[in-house]
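Residue numbers (the numbering used here), protein chains in the order written: chain A, 1329 to 1896; chain B, 1329 to 1896. Since the structure comes first, as structure tokens, the remarks are kept for the end.
Protein chains: 2
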Amino acid sequence: MRQSSLFGRTLREAPADAQTPGHRLMLRAAIARPLASGLYTWLPLGFRVAKKVEQIIREEMDRIGCQEMEMPVLTPAELWKTTGRWEALEPITFRTKDHNGREFMVSYTHEEAVHSHAMSEIQSYKQLPAMVYHFQSKGRDEARPRAGLLRVREFVMKDAYSFDIDHAGLEKSYQAQHGAYARIFERMSLAAVSVESDTGAMGGDTAHEFQVLTDVGEDRIVVCPRCDYRANMEKATRSPEAPISETNVPAPSEISTPSTTSMEALQTSLKVTPDRLLKTLLLRDAAGNVVAVVLPGDRDVNEAKLRKILGTSEVKFAGAADFTAAGAVAGYVGPVGLRARTLVDSSVDARAYIAGANKKDTHLRNVVAGRDFTGERVDAHDVREGDTCPKCKQGALSIKRGVEVGNIFAYGTYYSDKMNATFLAEDGTRKPFVGGSYGIGVGRSVQTIIETHHDDKGIIWPIAVAPYEVHVIALPSNDEAVRTAADALVKDLERAGVEVLYDDRDESAGVKFADSDLIGIPFRATVSKRTLKEDKVELKERSASEAELIPRTTAVERISGAVRRALA
Amino acid sequence: MRQSSLFGRTLREAPADAQTPGHRLMLRAAIARPLASGLYTWLPLGFRVAKKVEQIIREEMDRIGCQEMEMPVLTPAELWKTTGRWEALEPITFRTKDHNGREFMVSYTHEEAVHSHAMSEIQSYKQLPAMVYHFQSKGRDEARPRAGLLRVREFVMKDAYSFDIDHAGLEKSYQAQHGAYARIFERMSLAAVSVESDTGAMGGDTAHEFQVLTDVGEDRIVVCPRCDYRANMEKATRSPEAPISETNVPAPSEISTPSTTSMEALQTSLKVTPDRLLKTLLLRDAAGNVVAVVLPGDRDVNEAKLRKILGTSEVKFAGAADFTAAGAVAGYVGPVGLRARTLVDSSVDARAYIAGANKKDTHLRNVVAGRDFTGERVDAHDVREGDTCPKCKQGALSIKRGVEVGNIFAYGTYYSDKMNATFLAEDGTRKPFVGGSYGIGVGRSVQTIIETHHDDKGIIWPIAVAPYEVHVIALPSNDEAVRTAADALVKDLERAGVEVLYDDRDESAGVKFADSDLIGIPFRATVSKRTLKEDKVELKERSASEAELIPRTTAVERISGAVRRALA
């Protein structure tokens, strides 16, 4: 490919609002361009990377017997209504209507669609297990698209779906996908770790995310340094510390706390540490009833856990009427005497706490859970740095940032039950499909590769996903001898099966080398007046600091050999 | 691929509403399945065909220097508003809004998007010409999806865009695409002919469609049997016959024609041929003004020509108030004395016609154009069978049905003028890009291949686009010797690079052969107890009537050789 006709120009500077190194480099190197907020176009260079990423995914899906197909972007509302996701996904999806008023979703995923197909294509247990996948554009109405391709409003996802006879079969399919994912990310040089995760909108119980640990990530990942425990903060638990149990605590007594409605204000005015305080949140459950959640002042509430406990898709706070009904006063809510279902977080010990008195300007001292109030015990708190690992019971957990590049869900019969999607079992009865779904975001993977493979000059592509393998540079391109030699080198390399970007532009050495470092093709081969004098070509690896002069006569053999070794 | 685990089952019968042979076979052979009206999923077999079709297109685009990229499905309303197509395309497109009320289109095509990119990526004439393309899903809110993949509401289109310095450059790019299209359709065994066409919603002047002439098509194509003139009916013209000129026609006189408001009724009651009648249509132009169009009774009005003449996106008929204002009476409209702008079709001769008298139950006889009424001359009529070719002036035109599998538009500066999309020209001024766009529908191509390559038993795939090259059939698969031999044949063929579908199902010979004929893979290799007795394999081409027994020892060589020759 001649760079003089390449569609897409490199930028000296990234736009000021580019948020991460990968975002800046992706824009500067003409990998992708926004058409609107969160809507990106792959320029030709980036398109080649995306296709290589897709091909790696395809090969590993095919290897485990997953069959490629393609479902449409637009899917009818009726299908989503069979599982209740038409309403549940409303806040995050794009919808459209045809001119007859029929509604469609710009699909969020394809569980409903693929179950609908499975119902007609799979009649008997003899056709199971079955796994299918496709690469298809998904729509997500993200309120805040962020950091280039890391969080967008439309992206191509590889989504795979497994159908099994029973949970043992699902476990096998799930493990096959888990193994494929490990190979996929390794092949694209992403150090992704598998992390326990919340199932969220997908339903079911077991789920893993593949997270690349990097500071640009927006997910918080809890990691044990002593064992292999890794979990998304949304799902992470901890091994409880030895409970603090105080005895002979006096009965609760009121303290006057005028205008002291926040935890921080309370700590300051009473001069206590936050672990001595209780905070009580008033929320509404799925049915609209008021629910109180009680935690120590030093623990943050975990929204994902709360959503699951409350059975809601978002955490809703109680309103003024709810406060009145529960006998609570805003800013002074406490569990004692509260008229509401009460959930007590597992981190609340049997000790004396200071809590709201449900009375203006007043708190209670010496409040003890189990004595002064009761409630269902739940785990609704965030793990924090230094908590004890729930698996090995020894490691002190640490919290990292991660980018989720893939996720897998074992949802079992979550969809087939709702959709009555069944097959004829060996015993003659009809049984629901037992399924899982398995996603990888192509664009997010590409940018995460950049986030983790660059230096201050530009991208350093792993060769398996590089837009081209060799960048040939002619210096200057208007020198006939140089041009003839460079043309010949390009032709011979291409004939040897090497992918070449050829900088034949009428630009200075400075511009050409800067662009070459920015675009980050693994090998650079420079043909210049100087190298020609010695009948040589200058070869430099993008990741190396030193270049090397190699004889022109063996240059094709040397370079194509180096490419082959790097690809192996 | 083992057929026992193939996702997608063949059907004995097509659904009753399947409209064409290709539609029926596509469904029966598990090529694609509808998820809703006009929304289709490629099942694994069909997906392979679609990908081969895409790859052929890709290779021919790459060959002419067209660069692959990928623009998003959702594109912002603001972009479409710059060219007025947000409104113009409303009736045929799907729109969506984000939760902030910002509007997007499920893109109809990508002219606006690609021009927006060209404005930022192409700065100077040195970067021109440039051609880019992508394969992307398009949305079309078709009121009447039809005949399977022939007319759908979402489909993948290859759309390419060229950018040139001037019209001479555009002409070259257009010819390069025209040539690529010819090769593409030839490689996929589609006998597509290039046909002059109307530019419709795409703007510009020059356009061609690639039409496959088949009775299942919904387009009408005018073809000259003597020369290479081919045009879509929407655009077709004819060489005028020697005009009939009658002299000494008496002045118009009234005839009483009670309740005779149709051309047919008039012919019957007056016993005249339709060429002696004039019909006058009252329409509204883009500005809402009334316009009369006058044609002979034996000529049909051509809506596409009318739209162009009136500058509207759809032909709108005049209402009651318009009739009153124009002094016309419904059913008795005529050009004499009409108070409206009058367009006279070129097929109206200088002879005596019978026309409406603009008076209830009354017509006029001896109405002569130019004498009794005047108007602008336009070509607003359909060509009909037997008209004279406008190109060679000799051939008698015939009218065929066609499926449009591709189209190319040379729109020039239609978009760049509206979007102010310019580049720095060699003379230092800024000039608008001169462009064209070039589309091919993948799904429609696939089904058109089926429409033109089948017999009463099933599909007969051209090998270049066949889902697999060889169908190996084990009979019966539960016989160990048969199974072992068939397994080995499949393995050896695959090792030789041949794509094999392996019918390892526990089904009868009848079912397996019927499915094999239905799916239509080019070569069938049967391993049965009978063939094993002679140490042979039965080889049959799908398109041949006779099978042949070949020695097992050389079977792989024979079959892979036959595949290679067929592919060459």
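Ideal placement from N, C-alpha and C gives every residue a C-beta, glycine not left out. Treat the numbers as computed from the prediction; the structure is a model and nothing was measured.
Residues of the same chain with a CB within less than 7 Å of the CB of Ala1824/A, apart from the 5 flanking positions on each side, are Val1884 and Ser1888 in chain order.
Of all C-beta pairs linking the segment 1446 to 1460 of chain B to the segment 1335 to 1352 of chain B, fewer than three are shorter than 8 Å, placing the two stretches out of contact. Taking 8 Å as the threshold, the shortest C-beta distance from His1799/A to chain B does not fall below it. For the segment 1513 to 1540 of chain B, the set of positions with a beta-carbon nearer than 9 Å to some beta-carbon of chain A is empty. Rounded to the nearest angstrom, the gap between the Cα atoms of Asp1650/A and Val1618/A is 7 Å. Flagged as an interface residue toward chain A: Val1460/B, by a C-beta distance shorter than 8 Å. With respect to the C-alpha of Arg1679/A, the residue from Val1600/A, Met1354/A, Pro1571/A and Val1762/A having the closest C-alpha is Pro1571/A.
Flagged as an interface residue toward chain A: His1427/B, by a C-beta distance shorter than 8 Å. Per DSSP, reduced to three states, the secondary structure at Asp1533/B is coil, with no helix or strand assignment. Its chain contains Val1577, Pro1578, Ala1579, Pro1580, Ser1581 and Ala1680 as the residues whose beta carbon lies nearer than 7 Å to that of Asn1694/A, once the 5 sequence neighbours on both sides are disregarded; these appear in chain order. Look at the segment 1360 to 1371 of chain A: the residues with a C-beta under 7 Å from a C-beta of chain B are Arg1361, Leu1363, Ala1364, Leu1367, Tyr1368, Thr1369, Trp1370 and Leu1371. Distance from the CA of Ala1471/A to the CA of Phe1701/A, rounded to the nearest whole angstrom, comes to 40 Å. Gln1395/B and Arg1386/B have their C-alpha atoms roughly 9 Å apart. Going by DSSP, Glu1439/B is part of no beta strand (DSSP E) but of the alpha helix (DSSP H) stretching over Glu1439 to Glu1449. Listed along chain A, no residue sits closer than 9 Å to Asp1650/B by beta-carbon distance, the nearest being about 26 Å off. Thr1780/A: not part of any beta strand (DSSP E); member of the alpha helix (DSSP H) spanning Val1770 to Thr1780, first to last residue.
Nearest CB-CB separation between Gln1455/B and chain A: below the 8 Å threshold. By the rule that beta-carbons nearer than 8 Å mark a contact, Pro1404/B touches chain A. In chain order, Ala1405 and Trp1408 place their CB closer than 7 Å to the CB of Trp1414/A, counting only its own chain and leaving out the 5 sequence neighbours on each side.
Here the segment 1789 to 1805 of chain B lies against the segment 1504 to 1517 of chain B, with 3 or more beta-carbon pairs under 8 Å apart. Fully contained in the segment 1651 to 1691 of chain A is no alpha helix (DSSP H) run of length 4 or more. Arg1558/B is a Cβ neighbour of Ser1522/B, given a cutoff of 8 Å. For His1799/A, the uninterrupted beta strand (DSSP E) run begins and ends at Val1798 to Leu1803, by DSSP. Nearest neighbour of Glu1569/A by Cα position, chosen from Arg1712/A, Thr1859/A, Glu1835/A and Tyr1436/A, turns out to be Arg1712/A.
Rounded to the nearest whole angstrom, the C-alpha separation of Gln1722/A and Glu1827/A is 51 Å.
For Trp1414/A, the enclosing alpha helix (DSSP H) has its first and last residue at Arg1413 to Ala1416. Contact between Gly1703/A and Leu1671/A is confirmed by a C-beta separation of about 6 Å, below the 8 Å threshold.
Taking a cut-off of 8 Å for Cβ pairs, the segment 1452 to 1467 of chain A and the segment 1358 to 1369 of chain A do not touch, as fewer than three such pairs fall below it. If you draw a 10 Å sphere on the C-beta of Phe1513/B, you find 16 or more other C-beta atoms in it, and that means buried. Around the C-beta of Lys1861/A, fewer than 16 other C-beta atoms lie within 10 Å, and the residue is accordingly described as exposed. Less than 8 Å separates the beta-carbon of Ala1488/A from that of Gln1505/A. Note that the C-beta distance between Arg1548/A and Ile1727/A is below 8 Å.
When C-beta distances to chain A are compared with 9 Å, the residues of the segment 1332 to 1359 of chain B below that value are Ser1332, Ser1333, Leu1334, Phe1335, Gly1336, Arg1337 and Ala1358, in chain order. For the segment 1736 to 1767 of chain B, there are no residues whose beta carbon sits under 7 Å from a beta carbon of chain A. Chain-ordered listing is empty here: chain B has no CB closer than 8 Å to the CB of Met1389/A, the nearest sitting near 12 Å. From the listed residues Gly1848/B, Phe1645/B and Glu1524/B, the smallest Cα separation to Glu1732/B is found for Glu1524/B.
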